[in-house]
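Here is the structure we will look at, set down as structure tokens.
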Amino acid sequence: MSHATVLPEAFCQQMSQLLGAEEAQSLCACLEQPAPTSIRLNRHKYIPAKIVPSDLEQVPWCSWGYYIPERPTFTGDAAFHGGVYYVQEASSMLLYQIGQLLDSSAPLVALDLCAAPGGKSTLLLDLLPEGSLLVANEVVPQRAHILVENLQKWGNPMHITTSTLPERLGKLQGAFDLILVDAPCSGEGMFRKDLGARNQWQPSSPKVCAERQRTILADIWPALEDGGLLVYSTCTMNRQENEDIVAYLVDELEAEPIDLGEIGHGVWRSTLSDYPCYRMLPHRAKGEGLFMAVLRKGGECTIRGDRSKSKKGKDKQGRTSKDLPQEVKGWVDATKTKLLWEADQGRIVAYPEALAPMLELLREVKVSPMSYGIPAAEVKGKSVLPLAPLALSNLLAGHAFERVELPDDQLIPYLSREAITLPSSLSTGIKLICYGGIPLGFAKHLGNRTNNLYPTHWRIRHREQVERLQAEQEEYW
Ligand code: SAM
54 MSHATVLPEA
64 FCQQMSQLLG
74 AEEAQSLCAC
84 LEQPAPTSIR
94 LNRHKYIPAK
104 IVPSDLEQVP
114 WCSWGYYIPE
124 RPTFTGDAAF
134 HGGVYYVQEA
144 SSMLLYQIGQ
154 LLDSSAPLVA
164 LDLCAAPGGK
174 STLLLDLLPE
184 GSLLVANEVV
194 PQRAHILVEN
204 LQKWGNPMHI
214 TTSTLPERLG
224 KLQGAFDLIL
234 VDAPCSGEGM
244 FRKDLGARNQ
254 WQPSSPKVCA
264 ERQRTILADI
274 WPALEDGGLL
284 VYSTCTMNRQ
294 ENEDIVAYLV
304 DELEAEPIDL
314 GEIGHGVWRS
324 TLSDYPCYRM
334 LPHRAKGEGL
344 FMAVLRKGGE
354 CTIRGDRSKS
364 KKGKDKQGRT
374 SKDLPQEVKG
384 WVDATKTKLL
394 WEADQGRIVA
404 YPEALAPMLE
414 LLREVKVSPM
424 SYGIPAAEVK
434 GKSVLPLAPL
444 ALSNLLAGHA
454 FERVELPDDQ
464 LIPYLSREAI
474 TLPSSLSTGI
484 KLICYGGIPL
494 GFAKHLGNRT
504 NNLYPTHWRI
514 RHREQVERLQ
524 AEQEEYW
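Under my numbering, the first residue of the sequence shown carries the number 54, and numbering increases by one thereafter.
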């Protein structure tokens, strides 16, 4: 990779003041080297052996992360489209380390406040104790769509995606046991991967961003339960947006910093603060620049598993439609979790009962979810068609649909939502379309032709679009 755009001079000076001249020089030299590429595997999906050859290097601070030797193209990669892995920058996987604070028998109600495109939300869904639910919020509506898509493809139905302001979610007093604020920042940690970040940076950026970060944190603070955990992270390297923000949380919001101990592998337990803070610096650890700190809200610690699910809102039943087509119920595996159903304008959603109190709370503060649970089916005239998120869901009933393996030459046409050809000997009806054993979506086979049911908004139009999708996954990590 050639870097035509030089590092901002003021940034290098700032790093020199922060880290000392020698270390700043090592950092800046490292920022001119190629960035490693890494993926994180979906803990709940079938992983084809070829995705993780035995010699693949593991990300040392996250059991599910691997460096891949070169950046592949993702266009024809069924595993990418099937949510088998997420392209995530390795330092971002440091979030995995908060797992040591969680009690595996205590389901949590969590919020990822700044969630798009979904890297940390998908990690949280795999990390939180069984039965936990996640609200993934992205304030910018255009960015929220990719968040919805990435979460639906990840397949865990215990999530709700919203697109609203932090201050509105802040009205949900004490509703969350854990809040992640992966804050919008000046992006210095992206200077190696993203040359655009160098151009956008101004000497005033850290100050401007730090003000916004304090506002976001103050707005959302009331929504954290006493004893709950706040994870604060940025992908930038200056002190104002990092250690100084932790000091703000301690001094102004009376948060209590939590020590994760020495993590090793080049993860720096920052000495730039009196409080435990963690920094990933590219010349020390194999990843990009990142900051993370964990704090507890004062008050009695309740994040321990004795939290009643219905405590946070009235446990209202889903509005089960009387005319819910019976066959749809058989498409979802309700043996793992009790499900409720919602039918609205021909769209049928199945969702774990545990989401109901949070959906109710969100309605009370006038937040309409963009997506939740599993968008399972839609009624079109007399037919009921399954929706692709059901195909990728962990709750798809094993024998509900006949699985059909796509021949090699049909993968791209299928993902492009073009006409596909399946063997005419196949029985007619709805088929679960798979490639290499990975479910991708549905098709309706009519004998002499097949209707491709891959979602219009997921379809790949051309190679560049897949690269864009992949870049959006990576953009903010
Ligand atoms: N957590 C994401 C991930 O891992 O994929 C990356 C989040 S990115 C660092 C920060 C996000 O905050 C962006 O998606 C941005 O749109 C959003 N954002 C920008 N301004 C915001 C604000 N005032 N309040 C909340 N979120 C904001």
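Each residue gets a CB set at the ideal place from its N, CA and C atoms; glycine is no exception.
For residue 128, the secondary structure class from DSSP, reduced to helix, strand or coil, is coil. When beta bridges are read from the DSSP output, residue 397 appears opposite 400. In terms of CA proximity to residue 150, 345 leads the group 345, 270, 499, 193. Straight across, the Cα-Cα distance linking residue 436 with residue 381 is about 11 Å. Taking the Cα positions, residue 489 is about 11 Å away from residue 104. Secondary structure note for residue 272: its alpha helix (DSSP H) is the uninterrupted segment 258–273.
In this structure, the beta-carbon distance from residue 510 to residue 198 falls below 9 Å. DSSP places residue 196 in the helix class (H, G or I) of the three-state scheme. Counting along the chain, no alpha helix (DSSP H) covers residue 458; the unbroken beta strand (DSSP E) around it starts and ends at 455–458.
When Cβ pairs closer than 8 Å are counted between the two stretches, the region 80–89 is seen to touch the region 335–351, the count reaching three or more.
With distances taken between CA atoms, residue 139 lies nearest to 92 out of 111, 58, 130, 92. Taking 8 Å as the cut-off, the C-beta of residue 168 counts as close to a heavy atom of the ligand SAM.
Taking the Cβ of residue 249 as the reference point, every heavy atom of the ligand SAM lies at 8 Å or farther away. One alpha carbon belongs to residue 469, the other to residue 505, and they sit about 9 Å apart. Within the region 122–170, the complete alpha helix (DSSP H) segments at least 4 residues long are 131–134, listed from N- to C-terminus. Residue 218 has its CB nearer than 8 Å to a heavy atom of the ligand SAM. In this structure residue 99 is exposed. Its beta-carbon is surrounded by fewer than 16 other beta-carbon atoms within 10 angstroms. For the set 311, 471, 428, the Cα lying nearest the Cα of residue 384 is the one of 428.
Bounds of the beta strand (DSSP E) holding residue 503 are 503–505. Residue 271 has its CB no nearer than 8 Å to any heavy atom of the ligand SAM. Secondary structure of residue 97 (DSSP, three-state): coil.
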